[in-house]
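What follows is one structure encoded as structure tokens, with my remarks underneath.
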Amino acid sequence: MVWYNVEPQEGQYDWGSLQKLDIAMRELAARDIEVILIVRGTPDWAQKVPGSACGPIAQEKFGSFAIFMSELVRRYSQPPYNVKYWELGNEPDVAPELVPSNYPFGCWGDSADENYGGGYYAEMLKVVYPAIKSVDQEAQILIGGLLLDCDPYYPPESKDCLPSRFLNGILANGGADYFDIVSFHGYPPYQNQSMSQEWESPGWAVRGGVVVGKIDYLRSIMQQYKVNKPLFLTESALSCPEWNKNECQQPDEHFYETQADYLVRLFVRNWALDVAGTIWYDFEGKGWRYGGLVGEDAINPKPAFQAFKYLNEKLARMSYIGETPLSNGLQGYIFVDDDRETWVIWSQDESPQAMELPS
């Protein structure tokens with residue numbers, strides 16, 4: 001949802017600009033699909049950085065944004081929409097000078113600040129969060145999904161990873177009481193016919209990889225401030241990036257099969273790590289960097305969708321109880337229901353492995 005489309009002039013709302021969104025959200029609600037509504041796009045009259053629509057809101061306009069959010073929540077928290085999750089911005093830990101002004105992500109980052117602008121974002125939360133809760137006490141507010149470029153405690157060569165201190169800034173400035181969920185993103189790239197960049201990526205390898213490493217890092221930061229908020233991976237996929245020209249100009253079947261394997265690892269492991277939610281982005285079409293779950297042919301969906309469907313069917317109504325006691329080279333997790341036990345197992349490095357089945 002783009003704020004500047006709805007309120008191009010302060011105090012004047014064009015709800016008609018959301019007609020397509022209204023239709024989509026009604027259809028989703030009718031199918032019992034919960035929506036996380038991302039609100040982004042600062043109008044000209046509210047910009048702290050003139051000309052930057054993805055950038056921060058001017059402090060003197062926080063009140064106007066709070067009024068807008070109140071009206072938005074009042075409109076969409078009730079039937080037929082029933083929206084309960086609100087995400088404020090998208091990848092705010094990017095500085096305005098790094099992206100075009102109207103990009104769909106960023107850009108509250110402040111490269112001159114030791115916490116990259118997170119403290120200023122917290123000031124916005126302090127004004128907007130109470131306004132949302134005054135309309136709907138059950139509303140859940142997510143901070144904008146953090147990009148988290150790399151680990152500032154274990155930075156790769158030639159990087160300081162300052163943007164990843166954005167959450168530090170939020171918490172150091174007392175922002176913990178003004179949001180409910182930490183949203184973050186993680187996209188390991190396909191390279192050398194492998195998903196190994198998931199655990200070998202220089203920015204997060206020390207902590208376990210692109211997703212596991214970010215989970216560990218975010219929890220360690222919250223622990224420093226004695227904060228315990230749920231984590232929600234709101235965007236992820238095994239991507240095939242444009243810089244991998246040999247393999248990704250037109251990905252082959254091996255990529256799509258590897259992507260399906262990664263999907264199982266991602267969802268099962270996040271469940272085991274008590275991540276509140278995991279979203280594969282995006283659902284249909286080719287997707288960003290070939291990450292679409294279904295693909296461009298809904299009649300013949302991609303292997304990733306088939307894996308997702310099978311995983312849901314097998315683990316529906318089951319509970320996670322722990323990791324499997326396996327030899328080195330294998331990793332797996334155990335799920336149970338009233339009358340059966342299911343093991344989900346994979347080779348840690350994708351190489352062939354042998355195991356003895358339990359009796």
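Per this note's numbering, residue 1 is the first one in the sequence shown, and the count goes up by one each step.
Backbone N, C-alpha and C define an ideal beta-carbon position, used for all residues, glycine too.
Note that the coordinates shown come from a computational prediction; the quantities given were computed from them, not determined experimentally.
Length of the line joining the Cα atoms of glycine 285 and glycine 291: Going from the Cα of glycine 285 to the Cα of glycine 291 covers about 9 Å.
Give every residue of the same chain whose Cβ lies closer than 8 Å to the Cβ of cysteine 150, excluding the five residues on either side of it in the sequence, and list them in chain order. Counting only Cβ-Cβ distances below 8 Å, and skipping sequence neighbours, we find Pro156, Lys159, Cys161, Ser164, Pro202, Gly203 and Trp204.
Are the beta-carbon atoms belonging to glycine 51 and asparagine 90 less than 8 Å from one another? No, the Cβ-Cβ distance between glycine 51 and asparagine 90 is not below 8 Å.
Expressed to the nearest angstrom, what Euclidean distance is found between the alpha-carbon atoms of isoleucine 215 and asparagine 244? Roughly 26 Å between the two C-alpha positions.
Could you say which of Glu97, Val39 and Gly106 lies nearest to leucine 142 if we only look at CA atoms? Leucine 142 has its Cα closest to that of Val39, out of Glu97, Val39 and Gly106.
Roughly how many whole angstroms lie between the Cα atoms of phenylalanine 65 and phenylalanine 105? Within the model, the alpha-carbon separation for phenylalanine 65 versus phenylalanine 105 is close to 18 Å.
Taking Cβ to Cβ, would you say leucine 171 is nearer than 8 Å to tyrosine 103? Not closer than 8 Å, so no.
Determine, using beta carbons only, whether glutamate 71 and isoleucine 36 come nearer to each other than 8 Å. No, the pair does not count as a contact, with Cβ atoms beyond the cut-off.
Is it buried or exposed for asparagine 228, if we count other Cβ within 10 angstroms and need 16 for buried? So asparagine 228 counts as exposed.
So, is isoleucine 221 buried or exposed, given that buried needs 16 or more other C-beta atoms within 10 angstroms? Burial call: buried.
Give me, in chain order, the residues of the same chain whose beta-carbon lies closer than 8 Å to that of serine 239; leave out the 5 immediate sequence neighbours on both sides. Within the same chain, serine 239 has close Cβ partners Tyr187, Pro188, Pro189, Tyr190, Trp288, Arg289, Tyr290 and Gly291.
Is the CB-CB distance between alanine 276 and leucine 293 below 8 Å? No, the pair does not count as a contact, with Cβ atoms beyond the cut-off.
Leucine 311 to valine 264, Cα distance in whole Å? Their Cα atoms are separated by approximately 7 Å.
Are the Cβ atoms of alanine 122 and glycine 63 separated by less than 8 Å? The Cβ-Cβ distance between alanine 122 and glycine 63 does not fall below 8 Å.
Is arginine 257 near cysteine 248, with beta carbons less than 8 Å apart? It is glutamate, not arginine, that sits at residue 257 in the sequence shown. With a cutoff of 8 Å on beta-carbon distance, glutamate 257 and cysteine 248 are scored as not near each other.
Classify asparagine 168 as helix, strand or coil using the three-state DSSP reduction. Annotated three-state conformation of asparagine 168 is helix, per DSSP.
Presumed contact (8 Å Cβ cut-off) between isoleucine 279 and serine 236, rounded CB distance: Going by Cβ atoms, the distance from isoleucine 279 to serine 236 rounds to 7 Å, so yes, they are a contact pair.
Reduced DSSP secondary structure (H/G/I, E/B, other) of asparagine 300: Coil.
Relative to the C-alpha of methionine 25, which candidate in Lys309, Gln47, Pro79 and Ile67 has its C-alpha closest? Taking only the C-alpha atoms, the option nearest methionine 25 is Pro79.
Can you give me the C-alpha to C-alpha distance between tyrosine 85 and proline 358, rounded to a whole angstrom? The alpha-carbon atoms of tyrosine 85 and proline 358 are separated by roughly 43 Å.
Does the Cβ of threonine 342 have 16 or more other Cβ atoms within 10 Å, making it buried, or fewer, making it exposed? With a threshold of 16 other beta carbon atoms within 10 Å, threonine 342 falls short and is exposed.
In angstroms, rounded to a whole number, what distance separates the CA positions of isoleucine 321 and aspartate 274? Distance between the alpha carbons of isoleucine 321 and aspartate 274 is about 11 Å.
Leucine 231 - partner residues in DSSP beta bridges: Leucine 231 pairs with Val182.
Does tryptophan 271 come out as helix, strand or coil in the three-state DSSP assignment? Tryptophan 271 carries a helical assignment under DSSP once its states are collapsed to helix, strand and coil.
Are valine 135 and serine 77 close, meaning C-beta to C-beta below 8 Å? In terms of Cβ geometry, valine 135 and serine 77 form a close pair [threshold 8 Å].
Mind checking whether proline 96 and glycine 55 have CB atoms under 8 Å apart? Cβ atoms of proline 96 and glycine 55: closer than 8 Å.
Can you find the residues in the same chain that come closer than 6 Å, C-beta to C-beta, to glycine 209, ignoring five residues on each side of it along the sequence? The beta carbon of glycine 209 sits closer than 6 Å to the beta carbons of Glu198 and Trp199 from its chain, once the five residues preceding and following it are set aside; these are given in chain order.
Asparagine 90 - containing beta strand (DSSP E), residue span: 85 to 90 is the span of the beta strand (DSSP E), which, as asked, contains asparagine 90.
Can phenylalanine 179 and leucine 125 be called in contact, C-beta distance under 8 Å? Yes, they are a contact pair.
Go to glycine 119, then tell me how far its alpha helix (DSSP H) extends in each direction, as first and last residue. First-last of the alpha helix (DSSP H) with glycine 119: 118 to 135.
Please report the distance separating the alpha-carbon of lysine 302 from that of aspartate 261. Their Cα atoms are separated by approximately 12 Å.
Other residues of its chain near lysine 133: CB distance less than 7 Å, five sequence neighbours each side excluded: Result list for lysine 133: Ala139, in chain order.
Cβ-based burial, glycine 11 [other Cβ within 10 Å; buried from 16]: Exposed, since its Cβ has fewer than 16 Cβ neighbours within 10 Å.
Suppose you measure from the CA of serine 17 to the CA of serine 101; what does that come to, to the nearest Å? Rounded to whole angstroms, serine 17 to serine 101 spans 21 Å at the Cα level.
Do the CB positions of glycine 329 and glutamine 348 come within less than 8 Å of each other? A contact, by the Cβ cut-off of 8 Å.
Given a cut-off of 8 Å on the beta-carbon distance, is the pair valine 94 and leucine 167 in contact? Inclusion of valine 94 and leucine 167 in the CB contact set at 8 Å is not warranted, their separation being larger than that value.
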